[in-house]
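Chemist: Pasting a structure here, questions to come.
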Amino acid sequence: MIQLTVSADAAGQRLDKLVRKALRDVPLSHVYKMFRTRKVRVNGARGKADQLVAEGDVVVIRGDEERLLARPEPTAPGGAPRVTFGVLHEDADLLAVDKPAGLAAHPGTGIEGATLVEMARGYLRTPDDLPPTEFKPSPAHRLDRDTSGVVLVAKHRKAMVRLTETFTSGEGVHKTYLALVKGKMPREAGTIDLPLSEHEQTSRSKAMRGVNFQEALTRWKVVSAAKELSLLAVTIETGRTHQIRRHLEAVGHPVAGDRRYGDFAFNRTARTRWGLRRMGLHAWRLEVPHPLTGAPLRLEAPFPAELAEVLSRANLKLPASPTGAHAPAARRDGPHRER
Numbered sequence: 023m024i025q026l027t028v029s030a031d032a033a034g035q036r037l038d039k040l041v042r043k044a045l046r047d048v049p050l051s052h053v054y055k056m057f058r059t060r061k062v063r064v065n066g067a068r069g070k071a072d073q074l075v076a077e078g079d080v081v082v083i084r085g086d087e088e089r090l091l092a093r094p095e096p097t098a099p100g101g102a103p104r105v106t107f108g109v110l111h112e113d114a115d116l117l118a119v120d121k122p123a124g125l126a127a128h129p130g131t132g133i134e135g136a137t138l139v140e141m142a143r144g145y146l147r148t149p150d151d152l153p154p155t156e157f158k159p160s161p162a163h164r165l166d167r168d169t170s171g172v173v174l175v176a177k178h179r180k181a182m183v184r185l186t187e188t189f190t191s192g193e194g195v196h197k198t199y200l201a202l203v204k205g206k207m208p209r210e211a212g213t214i215d216l217p218l219s220e221h222e223q224t225s226r227s228k229a230m231r232g233v234n235f236q237e238a239l240t241r242w243k244v245v246s247a248a249k250e251l252s253l254l255a256v257t258i259e260t261g262r263t264h265q266i267r268r269h270l271e272a273v274g275h276p277v278a279g280d281r282r283y284g285d286f287a288f289n290r291t292a293r294t295r296w297g298l299r300r301m302g303l304h305a306w307r308l309e310v311p312h313p314l315t316g317a318p319l320r321l322e323a324p325f326p327a328e329l330a331e332v333l334s335r336a337n338l339k340l341p342a343s344p345t346g347a348h349a350p351a352a353r354r355d356g357p358h359r360e361r
């Protein structure tokens with residue numbers, strides 16, 4: 023028999039989600055069979071999969087503990103990974119970091135080395151033996167691996183839930199990116215209103231109902247321009263996968279260094295002439311309501327040093343900070359906190 027007492031951080035979630043985390047090595051079909059056969063109980067009563075648990079609830083899972091209980095996650099070899107992000111803001115609820123280009127947010131197929139989630143947990147000294155039902159600090163929104171800039175990491179479940187709701191609704195969220203693109207734009211500012219196909223639509227879904235197009239709106243403004251290369255400030259009013267990269271490619275001005283949607287011949291030229299060795303996209307500014315207080319949180323990730331060098335070689339100007347001064351180059355290594 024397994025007995026769990028719901029903590030304040032674990033409270034508010036569905037019972038089946040809590041049980042699935044506790045029994046993460048058990049097939050889902052067996053987990054739900056346990057609900058049907060009344061082997062999951064809450065405070066002595068039969069547990070229902072969709073009921074919400076509260077702090078102090080006692081959850082009992084009947085069965086062989088050795089066979090059912092999840093194994094703890096192994097500690098990464100060599101301890102916590104070296105932190106390579108810069109810290110932009112930190113409070114009791116969230117950590118805002120400046121993610122460098124090339125750092126993946128999460129482990130996955132084809133991902134080698136440490137990831138942002140592992141670095142953040144190491145920086146925050148999250149215990150390796152934390153029970154699987156307890157929340158571990160995690161990024162609250164997505165940023166492509168090859169894109170640098172602002173990422174918010176939720177420290178606890180309540181912050182994650184609120185941030186997820188906020189990013190999903192878009193209310194009070196303002197994102198500005200800096201994009202280094204091929205060529206000179208036809209005017210000083212513009213809007214790209216072009217529906218994009220659903221990025222993760224399955225082949226079966228396409229066969230049954232055709233390609234699913236989603237509304238997508240991107241606004242851009244020229245920061246600095248030359249004949250062959252331009253720096254744009256880009257804001258998005260929808261959050262489609264790879265939206266900026268796909269939209270700029272569609273209008274003939276792909277992001278420089280983009281190995282998926284870019285102009286490959288131009289990318290080679292940019293590397294040779296200006297030393298561009300990464301994708302020229304940076305999540306520069308983010309404004310979002312604080313997940314607990316609701317107060318506006320305004321963050322800015324300094325323009326990366328390696329992109330600033332490219333601008334200098336291409337005779338383009340650096341973006342200005344809100345005070346009118348040029349933004350400093352980004353730090354490559356985030357500090358470890360003294361405790």
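When you read off a place in the sequence shown, starting at 1, and then add 22, the result is the number in the numbering used here. We treat Cβ as the ideally placed atom computed from N, Cα and C, and that holds for glycine. Predicted model, so just to flag it, every value in this text is computed and none were measured.
(1) Am I right that LYS197 and SER252 are in contact with their C-beta atoms under 8 Å? What's the rounded C-beta distance?
(2) What are the uninterrupted segments assigned as beta strand (DSSP E) that are 3 or more residues long and contained completely in the region 30-74, given in chain order?
(3) Return the CA-CA distance between GLU331 and ARG299, expressed in angstroms with no decimal places.
(4) So who's on the other strand from THR213, going by DSSP bridges?
(5) Is LEU146 near LYS177, with beta carbons less than 8 Å apart?
(6) Look up ARG290 in the DSSP assignment and say whether it is helix, strand or coil.
(7) What residue range does the alpha helix (DSSP H) around HIS269 cover?
(8) Provide the residue span of the beta strand (DSSP E) that contains GLU309, from first to last.
(9) Tell me which residues share the same chain as ASP280 and place their Cβ nearer than 6 Å to its Cβ, disregarding the 5 neighbours each side in the sequence.
(10) Assuming ARG320 is part of the beta strand (DSSP E), what are its boundary residues?
(11) Would PRO129 be called buried (16 or more neighbouring beta carbons within 10 Å of its own) or exposed?
(12) In whole angstroms, what is the alpha-carbon distance linking PRO94 and LYS158?
(13) For my contact list, LEU319 and ALA181 are in at a C-beta cut-off of 8 Å; report their separation, rounded to the angstrom.
(14) Please tell me whether, using a cut-off of 7 Å, the distance from the CB of PHE286 to the nearest non-hydrogen atom of the ligand COA is below it.
(15) On the DSSP letters alone, give me the boundaries of the alpha helix (DSSP H) that VAL139 sits inside.
(16) DSSP three-state call for LEU174: helix, strand or coil?
Modeler: With the structure as the only source:
(1) LYS197 to SER252, Cβ: 20 Å. No contact.
(2) Whole beta strand (DSSP E) segments, 3+ residues: 62-64.
(3) Roughly 11 Å between the two C-alpha positions.
(4) Its beta-bridge partners are ARG241.
(5) Yes. Within cutoff.
(6) Looking at ARG290 - three-state DSSP - the assignment turns out to be helix.
(7) It spans 265-272 - the alpha helix (DSSP H) in which HIS269 sits, taken as one unbroken run.
(8) Residues 303-311.
(9) The beta carbon of ASP280 sits closer than 6 Å to those of ARG267 and MET301, all from its chain and outside the five residues before and after it, given in chain order.
(10) Its beta strand (DSSP E) spans residues 318-322.
(11) Taking every protein chain shown into account, the CB of PRO129 has fewer than 16 other CB atoms within 10 angstroms, so this residue is exposed.
(12) Bear in mind that a pLDDT of 46 at PRO94, under 50, signals an unreliable position, so the number given afterwards is only what the model happens to contain. Linking PRO94 to LYS158 through their CA atoms gives a straight-line distance of about 13 Å.
(13) Going by Cβ atoms, the distance from LEU319 to ALA181 rounds to 12 Å, so no, they are not a contact pair.
(14) Summarising the ligand content, the structure contains no ligands, and the ligand COA is consequently not present.
(15) Segment 138-145, the alpha helix (DSSP H) holding VAL139.
(16) In the structure shown, the three-state DSSP call for LEU174 is strand.
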